[in-house]
Amino acid sequence: MKLANEDLRNKLAAEYVLGTMSAHARRRFALKLKESPALRRAVAGWEERLAPLALALPEVEPPSRVWQAIESRIRPATRAAPGLLQTLSFWRFSSIASGLVALALLLVVAVPGPVAPPAAETRMVVVMNDLKTRNPAMTASWEAGKPGKRALRIRVIGHAEMAPGTAWELWILPGENQNPISLGLITTHNTQTLIVPEALAVKLDQARGLAMSVEPAGGSPTGLPTGPVLYAGPLVET
Amino acid sequence: MDAEQLYDLLSRCAMGDQQAFKTLYQHSSAKLFAVAVRITRRRDWAEEVLQESFINIWNHSSGYNAAKSAPMTWMTAIVRNRALDLLRRPREVEIDANHEEMVASIPDESPGPEELLKRSIEAGALAECMKQLTGDQQRSIALAFFNGLSHGELARQMQKPLGTVKTWIRRGLERLKSCLDAQGI
Chain G
1 MKLANEDLRN KLAAEYVLGT MSAHARRRFA LKLKESPALR RAVAGWEERL
51 APLALALPEV EPPSRVWQAI ESRIRPATRA APGLLQTLSF WRFSSIASGL
101 VALALLLVVA VPGPVAPPAA ETRMVVVMND LKTRNPAMTA SWEAGKPGKR
151 ALRIRVIGHA EMAPGTAWEL WILPGENQNP ISLGLITTHN TQTLIVPEAL
201 AVKLDQARGL AMSVEPAGGS PTGLPTGPVL YAGPLVET
Chain E
1001 MDAEQLYDLL SRCAMGDQQA FKTLYQHSSA KLFAVAVRIT RRRDWAEEVL
1051 QESFINIWNH SSGYNAAKSA PMTWMTAIVR NRALDLLRRP REVEIDANHE
1101 EMVASIPDES PGPEELLKRS IEAGALAECM KQLTGDQQRS IALAFFNGLS
1151 HGELARQMQK PLGTVKTWIR RGLERLKSCL DAQGI
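Residue numbers (our numbering), protein chains in the order written: chain G, 1 to 238; chain E, 1001 to 1185.
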């Protein structure tokens, strides 16, 4: 199959998406798809063009056994009970999380402490830099000082991708030899809002900084960072 | 559930959030099962396709790229490809032999391809562009798409020579593409 020609690519992609190709041709085409981004683009184009057709069919409820089969095949997400690590001090993390330790040192030195609770309706901003490139990678902002939850406005700068089987976890860095506190998992969306419960609101307002680490899918199994810290930055009052 | 919400669920699936995956299934499986049933014509095959497709969706959710396609488009393509691959496996001969019975076994309430074509397209670019095709071009494309028919099966169904049917499809698709391209789709 000579696929250098764009017209030919389009023609074949259309036949593939429409469904008229024979089994043999489909197999060969699927292999070509793996090698050719141009061909993949052509296929995506036809899938999008014909999408309204695909959505036309009246719904048919699948039997519950299908979901049961799916559910049983997905590895259940397990979170190990907080154990020994929880009781160790901040400085005795695994070496993988050493980036976090180094950062914490920086923050403790750089930010004059202790941090006083911010006045109501102060806007807090954290610019987290990519620890490798030193470029800004993510920002988080919220209104501090009021009672109740916090809505953390997060911006991921540029395009980011997670490796399969991993998750991004956001951490409060309380500083002063305290362990990081998990704010939960975030996505790679450019704009997102993370709701921080009331119980953590004060800790958030008085954080020295925030950090993001790469954890296994589902988050850290230990409740403390176990993976590399990619982004981190100090808290600033605006 | 709109694209934005589906995208959010897929992102959460990528992070291993099983509750989000369940919600995704609840909101999309009926639409996707319909696609599988329609193409494979057998409930047992359709169930197999649906199961495999959702495992695929779960495992590849982190690779889903919203810039490249809408969530439902991505998921539908996964189901369609699996259904077509299953349908076209070497038991093709068996299918052809039973083809008439299989076509007849589709319950009467199920809309025919042309009816689906009419209904499907809420005033949109595709509807406008479809109108520019000849009746034969529309019919052959609809039969191919909705019923998952190969060129040979189409020729038999429409009782026309293979070459004729291929030309209707090819010209129809070309016209669709130029029309949609002209509209910036």
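Virtual Cβ for every residue (Gly too), placed ideally from N, Cα, C.
Asked, Found
"Sequence-distant residues of the same chain with beta carbon closer than 7 Å to ASP7 (chain G), five excluded per side", "none"
"Expected contact under 8 Å - CB spacing of LEU50 (chain G) and ASP130 (chain G) to nearest Å", "Going by Cβ atoms, the distance from LEU50 (chain G) to ASP130 (chain G) rounds to 40 Å, so no, they are not a contact pair."
"Terminal residues of the beta strand (DSSP E) in which PRO234 (chain G) lies", "229-237"
"Contact belief for LYS149 (chain G) with ALA207 (chain G) at Cβ below 8 Å, rounded distance in angstroms", "About 16 Å separates the two Cβ atoms, so there is no contact after all."
"Residues near MET1001 (chain E) in its chain [Cβ-Cβ closer than 6 Å; skip 5 each side]", "HIS1027"
"Runs of alpha helix (DSSP H) lying entirely within the region 1034-1080 of chain E, each at least 4 residues, in chain order", "1043-1060"
"Contact set between SER1178 (chain E) and chain G, taken where Cβ atoms lie within less than 7 Å", "Result: empty, since nearest Cβ-Cβ is about 11 Å, beyond 7 Å."
"Whole-Å CB distance - ILE186 (chain G) paired with ILE157 (chain G), under 8 Å assumed", "About 13 Å separates the two Cβ atoms, so there is no contact after all."
"Identity of the residues DSSP links to ARG153 (chain G) by a beta bridge", "G:SER141, G:THR193"
"Under the three-state DSSP convention, the category PRO37 (chain G) falls into", "helix"
"Contained beta strand (DSSP E) runs [length at least 3] in the region 1153-1185 of chain E, N- to C-terminal order", "none"
"Chain-ordered chain E contacts of LEU55 (chain G) [CB-CB under 8 Å]", "LYS1031, MET1072, THR1076, SER1120"
"Reduced DSSP secondary structure (H/G/I, E/B, other) of PRO52 (chain G)", "helix"
"CA nearest to the CA of ALA1077 (chain E), picked from E:SER1140, E:PHE1021, E:ASN1056, E:GLU1153", "E:ASN1056"
"DSSP-derived helix/strand/coil call for THR1023 (chain E)", "helix"
"Test item: CB-CB of ALA232 (chain G) and ALA211 (chain G) under 7 Å", "yes"
"Proximity test, Cβ basis, 7 Å: VAL1165 (chain E) and chain G", "no"
"Touching by the beta-carbon criterion (3+ pairs, under 8 Å), the region 66-73 of chain G and the region 1010-1017 of chain E", "no"
"Partner residues on chain E for TRP171 (chain G), Cβ-Cβ distance less than 7 Å", "The premise fails here: TRP171 (chain G) is roughly 15 Å from chain E at the closest Cβ pair, so nothing lies under 7 Å."
"Where ASP1085 (chain E) meets chain G, residues with beta-carbon distance less than 9 Å", "ALA23, ARG26, ARG27, ALA30"
"Under 7 Å (Cβ pairs) to chain E, residues found in the region 191-214 of chain G", "none"
"GLU1153 (chain E), buried or exposed, once every other Cβ within 10 Å from all chains shown has been counted against 16", "buried"
"Closer than 7 Å to chain G by CB, SER1011 (chain E)", "yes"
"CB contact below 7 Å: GLN1005 (chain E) versus chain G", "no"
"C-alpha distance - MET1158 (chain E) paired with PHE1146 (chain E), whole-angstrom precision", "15 Å"
"Run of the alpha helix (DSSP H) containing MET1130 (chain E), from where it starts to where it stops", "1125-1130"
"THR1040 (chain E), buried or exposed, once every other Cβ within 10 Å from all chains shown has been counted against 16", "buried"
"Neighbour flag for LEU1143 (chain E) against chain G, beta carbons, 7 Å", "no"
"PRO136 (chain G) - DSSP class collapsed to helix/strand/coil", "strand"
"For LEU1149 (chain E), the three-state DSSP class (helix, strand or coil)", "coil"
"Residues that DSSP places opposite PRO216 (chain G) in a beta bridge", "G:THR166"
"Bridge partner(s) assigned by DSSP for TRP46 (chain G)", "None; TRP46 (chain G) has no bridge partner."
"Assigned exposure category for ALA1142 (chain E) - 16 Cβ within 10 Å defines buried", "buried"
"C-beta neighbour in chain G for HIS1151 (chain E), strict 7 Å", "yes"
"Local conformation of ALA13 (chain G) per DSSP, three classes", "helix"
"Where the beta strand (DSSP E) through SER182 (chain G) begins and ends", "181-186"
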